[in-house]
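Quick mapping for you: the protein sequence lines, in order, are chains A and B.
Mapping the first sequence onto this note's numbering, position 144 (from 1) lands on 1126, and the numbers just tick up by one.
Mapping the second sequence onto this note's numbering, position 121 (from 1) lands on 1103, and the numbers just tick up by one.
For every residue, glycine included, the Cβ atom is placed at its ideal position computed from N, Cα and C.
Being a predicted model, the structure only gives us computed values, none of them experimental.
The structure appears below as structure tokens.
There are 2 protein chains.
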Amino acid sequence: MDLEFRTARREDVPVIVGLINDDPVSAARPSSREPDYYAAFEAVDADPRNELIVVEADGEVVGTMQLTYIPGLSRKGGERAQIEAVRVAVPHRNRGIGREMMRWAVERARERGCALVQLTSDKARTEAHRFYGALGFTASHEGFKLGL
Amino acid sequence: MDLEFRTARREDVPVIVGLINDDPVSAARPSSREPDYYAAFEAVDADPRNELIVVEADGEVVGTMQLTYIPGLSRKGGERAQIEAVRVAVPHRNRGIGREMMRWAVERARERGCALVQLTSDKARTEAHRFYGALGFTASHEGFKLGL
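Written as structure tokens, this is what we have:
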């Protein structure tokens, strides 16, 4: 399968939101927040340290993820590349798309000169954890969240 | 103890780097990277989505942390506030400074309208995990890292 990676455009927002929300772990999170997806898209799109990526196969969006490049004084002053909101469309799962997305993200971080790539994964996603381990990631940290 | 929170200035860099590196968990991380702390400071300082904070007591820097506000389409389009590189100076530990720093960070994220606050903590830092739990954080995620 040929995958094409590109930066998301405004017209991709409904598809991306669909991918993000078509997920039992996300759906189970309580929230009374009024959604404002287009404002969020504009904020990401305007920020050179954030990249919202879509992955296409045969002109169809089959995956999405967001990369954030975080500068800082730890890790000898090297940037961290953080991956959030990774999703592959349900009908396209288990076909290696997630692996290609991670490889692409790691390579992009490497080219940029980042010191590390990091992500967190809900503890309910045990399959994902084996997947990240197989890609060379180490589950070295506890990931803490506090909803506001 | 009266604590004063402020944005870090360029002249704080050596103290902050000292705090970050005076830590057995960080020191154990292998790295051949040439440090460039001032470039990292300038990158953080120039970015409205990153805040490097120092905490002073009696005019002395006793703690530091970095806040990053990450926009995105998950969590209904709400921003995430991420906390990285939390350190309290060794002689000032166990005096409640860390707790005040976390409260301050959570309050800042709340005022900004963030959907959640997140951080990761090395699994070796078991005392820190109890501390974050007591502050209301949930260890809901695995934190994966891949050094480049």
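Distance between P996 (chain A) and R988 (chain B) (C-alpha atoms, nearest Å): Translated into the one-based positions of the second sequence, residue 988 (chain B) becomes position 6. Translated into the one-based positions of the first sequence, residue 996 (chain A) becomes position 14. Rounded to whole angstroms, R988 (chain B) to P996 (chain A) spans 40 Å at the Cα level.
Neighbour list for R1092 (chain B) in chain A, Cβ cutoff strictly below 8 Å: Within the second sequence, the letter at position 110 stands for residue 1092 (chain B). Those within 8 Å of R1092 (chain B) in chain A are L1130.
Cβ-Cβ distance between H1123 (chain B) and T1102 (chain A) below 8 Å: Here residue 1123 (chain B) corresponds to residue number 141 of the second sequence, with the count starting at 1. Here residue 1102 (chain A) corresponds to residue number 120 of the first sequence, with the count starting at 1. Yes, Cβ-Cβ distance for H1123 (chain B) and T1102 (chain A) is below 8 Å.
Cβ of I1035 (chain B) within 8 Å of any chain A Cβ: Start at 1 with the first residue of the second sequence, and residue 1035 (chain B) comes out as number 53. No - not a single Cβ of chain A is within 8 Å of the one on I1035 (chain B).
Contacts that E949 (chain B) makes with chain A (C-beta to C-beta distance below 9 Å): Within the shown structure, residues of chain B are numbered from 983 to 1130, placing residue 949 (chain B) beyond reach of any answer.
Below-8 Å beta-carbon distance, P1053 (chain A) vs any chain B residue: To locate residue 1053 (chain A), count along the first sequence from 1; it is residue 71. Output row for P1053 (chain A): interface = yes.
E1024 (chain A) and S1056 (chain B) closer than 8 Å at C-beta: What you label residue 1024 (chain A) is simply residue 42 of the first sequence in a count that begins at 1. What you label residue 1056 (chain B) is simply residue 74 of the second sequence in a count that begins at 1. Cβ distance not < 8 Å, so E1024 (chain A) and S1056 (chain B) don't count as in contact.
Residue burial classification, E958 (chain B) (beta-carbon count within 10 angstroms, cutoff 16): Past the boundaries of the shown model lies residue 958 (chain B); chain B is included only from 983 to 1130, so the question cannot be answered.
Residue from B:R1081, B:C1096, B:W1086 whose Cα sits closest to the Cα of L1117 (chain B): Taking the first residue of the second sequence as 1, we reach residue 1117 (chain B) at position 135. Answer by Cα proximity: B:R1081.
Inter-residue spacing [alpha-carbon to alpha-carbon] between A1063 (chain A) and L1128 (chain A): What you label residue 1063 (chain A) is simply residue 81 of the first sequence in a count that begins at 1. What you label residue 1128 (chain A) is simply residue 146 of the first sequence in a count that begins at 1. Straight-line Cα distance between these residues: approximately 22 Å.
Pair within 8 Å by beta-carbon distance, R1069 (chain A) and I1002 (chain A): As a first step, residue 1069 (chain A) is located in the first sequence; it is residue number 87 there, counting from the start. As a first step, residue 1002 (chain A) is located in the first sequence; it is residue number 20 there, counting from the start. Result yes, Cβ atoms of R1069 (chain A) and I1002 (chain A) sit closer than 8 Å.
Residues bridged to D1104 (chain B) (per DSSP): Here residue 1104 (chain B) is taken as the residue at index 122 of the second sequence, counted from 1. A:H1123.
From B:L1034, B:G1095, B:R1090, B:K1105, residue whose alpha carbon lies closest to that of Y1019 (chain B): The count along the second sequence starts at 1 and reaches residue 1019 (chain B) at position 37. Nearest C-alpha to Y1019 (chain B): B:L1034.
As assigned by DSSP and simplified to three states, the class of N1076 (chain A): Position 94 of the first sequence, counted from the first residue, corresponds to residue 1076 (chain A). N1076 (chain A) falls in the coil class under three-state DSSP.
Start and end residues, beta strand (DSSP E) containing L1049 (chain B): Here the question's residue 1049 (chain B) lines up with position 67 in the second sequence. 1042 to 1052 is the extent of the beta strand (DSSP E) around L1049 (chain B).
Backbone secondary structure at L1001 (chain A) - three-state DSSP: One-based indexing of the first sequence puts residue 1001 (chain A) at position 19. L1001 (chain A) falls in the helix class under three-state DSSP.
Cβ-Cβ distance between F1126 (chain B) and Y1114 (chain A) below 8 Å: Locating residue 1126 (chain B) in the second sequence gives position 144, where the first residue counts as 1. Locating residue 1114 (chain A) in the first sequence gives position 132, where the first residue counts as 1. Yes, the Cβ-Cβ distance between F1126 (chain B) and Y1114 (chain A) is below 8 Å.
Simplified DSSP assignment, three categories, for R1062 (chain B): As a working mapping, residue 1062 (chain B) is identified with position 80 in the second sequence. R1062 (chain B): strand per DSSP, three-state reduction.
Residue from B:V1026, B:H1074, B:M1047, B:D1040 with nearest C-alpha to M1084 (chain B): Working through the second sequence from its first residue, we reach residue 1084 (chain B) at position 102. Looking at the Cα atoms, B:M1047 is the closest of the given residues.
Spatial distance of P1157 (chain B) from R1094 (chain A) (CA atoms): A question about residue 1157 (chain B) goes unanswered here, because the residues of chain B that appear run from 983 up to 1130.
Which of helix, strand or coil DSSP assigns to R1011 (chain A): Position 29 of the first sequence, counted from the start, is the residue given in the question as residue 1011 (chain A). Of the three classes helix, strand and coil, the one that applies to R1011 (chain A) here is coil, per DSSP.
Interface residues of chain B facing P1017 (chain A) [CB-CB closer than 8 Å]: Here residue 1017 (chain A) refers to the residue found at position 35 when the first sequence is read from its first residue. Near P1017 (chain A) (Cβ distances below 8 Å), the residues of chain B are K1058, G1059.
Length of the line joining the Cα atoms of V1007 (chain B) and P1053 (chain A): Locating residue 1007 (chain B) in the second sequence gives position 25, where the first residue counts as 1. Locating residue 1053 (chain A) in the first sequence gives position 71, where the first residue counts as 1. Looking at the two C-alpha atoms, the distance is approximately 20 Å.
Residue nearest to Q1100 (chain A) in terms of C-alpha spacing, selected from A:A1039, A:I998, A:T1120: Along the first sequence, one-based indexing puts residue 1100 (chain A) at 118. The shortest C-alpha separation from Q1100 (chain A) is found at A:T1120.
Alpha carbon of A1021 (chain A) to alpha carbon of R992 (chain B), nearest angstrom: Taking the first sequence and counting its residues from 1, one reaches residue 1021 (chain A) at position 39. Taking the second sequence and counting its residues from 1, one reaches residue 992 (chain B) at position 10. Cα-Cα distance, rounded: 33 Å.
Partners in chain A for T1120 (chain B), counting only beta-carbon separations shorter than 9 Å: For this step, residue 1120 (chain B) is matched to residue 138 along the second sequence. Correct list: F1126, K1127, L1128, G1129.
Short-range partners of chain A found in the stretch 1074 to 1102 of chain B, where Cβ spacing is below 7 Å: V1088, A1091, R1092, C1096, A1097, L1098, V1099, Q1100, L1101, T1102
Under 8 Å between C-beta atoms of A1071 (chain B) and R1015 (chain A): The residue given as residue 1071 (chain B) occupies position 89 in the second sequence. The residue given as residue 1015 (chain A) occupies position 33 in the first sequence. The answer is no: Cβ separation not under 8 Å.
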